[in-house]
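Numbering (this note's numbering), first residue to last: 418 to 667.
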């Protein structure tokens, strides 16, 4: 329902919308040597060889098609329902196979985070949860939602250069009443009406890290960030609590 509402809202704005339904496509989420055509070496290094294959144009066809969609997109919205409180395997496989080295990032040339190869594009996650939102709080059994979102928002999307928009989180999807369901879809549609004007989430700048010294925060950055109210970010909390204003609203 959220996906259909997304398509309808964006098309109403005049946007061209392309949908990748990974289940319907029977997308293969497994990384393997088959992702590269005409492979002729005895030893196989997935990261190194995949980047070279991309340059030669010999990557698997399903990867190439999805990368063409990424190239054409100004905004990518990842709609999914969690499995074991995490990204479902088929989507994780898409992220790992499609957002490959030399296409989405290049660690050797420091083309990551603020300078990732997908810089200039926007991305966000729209996640459905079976349980109540209270379970994903500081007192909840599953813990602070910001901690669980950090790997995908910072470690994947921002790592590749995306401007990351705030997540859309929907709880109690299995037991949601019809009235609440209609209100949720309406609120999502209203958000989409202004999605292009939204400011991206704020992260610590890549320039504040020393890539030659284990990718650690520079001393001068730490000195500056210690004056911020609470922790600078979910990941780089510097032993301090997250400020309430930075937390994802439930």
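From the three backbone atoms N, C-alpha and C, an ideal C-beta is built for every residue, glycine too.
Do residue 618 and the ligand COA come close, with the Cβ less than 8 Å from some heavy atom? Questions concerning the ligand COA fall outside what the structure shown contains, since it holds no ligand whatsoever.
Taking one C-beta from the stretch 545-563 and one from the stretch 513-524 each time, how about it: are there three or more such pairs within less than 8 Å? no
With three or more C-beta pairs closer than 8 Å as the rule, is the stretch 625-637 touching the stretch 434-451? no
Check for me: the beta strand (DSSP E) holding residue 587 runs from which residue to which? Position 170 of the chain shown, counting from 1, holds the residue named residue 587. Taken as a continuous stretch (DSSP letters only), the beta strand (DSSP E) holding residue 587 covers 585-587.
Taking the Cβ atom as the reference point for each residue, do residue 605 and residue 422 lie within a distance shorter than 9 Å? In the chain shown, counting from the first residue as 1, residue 605 sits at position 188. In the chain shown, counting from the first residue as 1, residue 422 sits at position 5. Yes. Within cutoff.
Skipping 5 residues on each side, what residues in its chain have a beta carbon closer than 7 Å to that of residue 659? As a first step, residue 659 must be located in the chain shown, where it is residue number 242. Hits under 7 Å: 563, 647, 648, 651.
For residue 590, which of 581, 559, 567, 545 has the nearest alpha-carbon? Reading the chain shown from its first residue, position 173 is the one you call residue 590. The shortest C-alpha separation from residue 590 is found at 545.
If you measure between the beta carbons of residue 418 and residue 598, is that distance less than 9 Å? Your numbering for residue 418 matches position 1 in the chain shown. Your numbering for residue 598 matches position 181 in the chain shown. Cβ atoms of residue 418 and residue 598: closer than 9 Å.
Measure the CB-CB distance between residue 426 and residue 610 and report whether it falls below 9 Å. What you label residue 426 is simply residue 9 of the chain shown in a count that begins at 1. What you label residue 610 is simply residue 193 of the chain shown in a count that begins at 1. The answer is yes: Cβ separation under 9 Å.
Buried or exposed: which applies to residue 535, given that a residue is buried once 16 or more other Cβ atoms fall within 10 Å of its Cβ? Translated into positions along the chain shown, residue 535 becomes position 118. Residue 535 is buried by the Cβ-count criterion.
Per DSSP, what are the beta-bridge partners of residue 545 in this structure? Numbered from 1 along the chain shown, position 128 holds the residue referred to as residue 545. Per DSSP, 498, 587.
Nearest CA to the CA of residue 575: which residue from 449, 540, 450? For the purposes of this step, residue 575 is taken as the residue at position 158 of the chain shown. Of 449, 540, 450, the residue nearest in Cα terms is 540.
Candidates 603, 484, 602, of which the one nearest residue 520 by Cα: The sequence position of residue 520 within the chain shown is 103, counting from 1. For residue 520, the nearest C-alpha among the options comes from 484.
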